[in-house]
């Protein structure tokens, strides 16, 4: 591992495979003996977990985009202070399931919250903190929504408030993610996750080869 620990985020629609591949990368790093931390948003702290519960609760379907925005940034600030920055300072790579790009895609492109509003809250809460590298797992909105409503996920109680959205919402979010990637091509690696798992895994390995080396 190099001298500088990296803040790496995994982004994409629910059902894109981002969380599965984050877990795989964590295993590679474990096997290679590379110090790292796995975390997620909303969440990552006791406060963040409480906010996540409210954020995803299907009882609150009337929550608008601005309320969502304020909730996720409250969680994010605590997450940065308590977890992310200390881990990086200690020389551990941070693998994070979602960060501010999700807010820009979901609350910005999906809900219609103005970019200027997101920028102001982002600056207040995080100082405009950006990841060092972002893997965006891309697939059609229809496929993502179908995976989100799969029978195993419903049986496990995994269907949440955002899963109830119509496919047009997911199309807007996907477009938002791709627009972000187009604006910052040096930070983003777009991974086509609408293909066999082995091909997606190979693309992830290539994107993070400098971290995992030859770990299997």
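In the working numbering, the protein residues as written are -1 to 214. Where a beta carbon is used, it is the ideal one built from N, C-alpha and C, also for glycine. Note that the coordinates shown come from a computational prediction; the quantities given were computed from them, not determined experimentally.
Between residue i and residue j, what straight-line distance do the alpha-carbon atoms span, to the nearest angstrom?
{"i": "residue 151", "j": "residue 100", "result": "Low local confidence applies: a pLDDT of 44 at residue 151 is under 50, so the model's placement there is unreliable, with the coordinate-based value given in what follows. Spanning the two alpha carbons is a distance of roughly 21 Å."}
{"i": "residue 2", "j": "residue 92", "result": "11 Å"}
{"i": "residue 142", "j": "residue 42", "result": "24 Å"}
{"i": "residue 205", "j": "residue 89", "result": "20 Å"}
{"i": "residue 136", "j": "residue 20", "result": "15 Å"}
{"i": "residue 50", "j": "residue 70", "result": "8 Å"}
{"i": "residue 25", "j": "residue 80", "result": "24 Å"}
{"i": "residue 111", "j": "residue 196", "result": "37 Å"}
{"i": "residue 72", "j": "residue 209", "result": "30 Å"}
{"i": "residue 119", "j": "residue 98", "result": "11 Å"}
{"i": "residue 161", "j": "residue 94", "result": "21 Å"}
{"i": "residue 183", "j": "residue 65", "result": "30 Å"}
{"i": "residue 57", "j": "residue 164", "result": "17 Å"}
{"i": "residue 33", "j": "residue 22", "result": "15 Å"}
{"i": "residue 194", "j": "residue 52", "result": "34 Å"}
Report buried or exposed for residue i, applying the criterion of at least 16 other Cβ atoms within 10 angstroms of its Cβ.
{"i": "residue 9", "result": "buried"}
{"i": "residue 202", "result": "buried"}
{"i": "residue 166", "result": "exposed"}
{"i": "residue 77", "result": "buried"}
{"i": "residue 116", "result": "buried"}
{"i": "residue 174", "result": "buried"}
{"i": "residue 122", "result": "exposed"}
{"i": "residue 96", "result": "buried"}
Since residue i contacts residue j with CB under 8 Å, what's their CB separation in whole angstroms?
{"i": "residue 139", "j": "residue 169", "result": "4 Å"}
{"i": "residue 86", "j": "residue 5", "result": "6 Å"}
{"i": "residue 75", "j": "residue 7", "result": "With 8 Å as the limit, residue 75 and residue 7 do not qualify as a contact, their Cβ atoms being about 16 Å apart."}
{"i": "residue 199", "j": "residue 191", "result": "Their Cβ separation, rounded to whole angstroms, is 10 Å, which puts residue 199 and residue 191 out of contact at 8 Å."}
{"i": "residue 171", "j": "residue 103", "result": "5 Å"}
{"i": "residue 128", "j": "residue 185", "result": "7 Å"}
Is it the case that the CB of residue i approaches a heavy atom of the ligand NAP more closely than 6 Å?
{"i": "residue 5", "result": "The ligand NAP is not among the ligands present in this structure, which contains no ligands whatsoever."}
Unbroken stretches of the beta strand (DSSP E), 3 residues or longer, contained in the region 62 to 107: 91 to 95
Contiguous alpha helix (DSSP H) assignments of at least 4 residues, all confined to the region 182 to 206: 195 to 205
Inter-stretch contact at 8 Å, needing at least 3 Cβ pairs: the region 45 to 52 / the region 22 to 33: no
Cβ pair count under 8 Å reaching 3, the region 9 to 20 against the region 56 to 69: no
Every unbroken alpha helix (DSSP H) inside the region 11 to 44 [4 residues or more]: As far as the region 11 to 44 is concerned, its whole alpha helix (DSSP H) runs of at least 4 residues are 16 to 30.
Any 3 or more C-beta pairs closer than 8 Å across the region 127 to 134 and the region 33 to 40: no
Cβ pair count under 8 Å reaching 3, the region 100 to 113 against the region 174 to 186: yes
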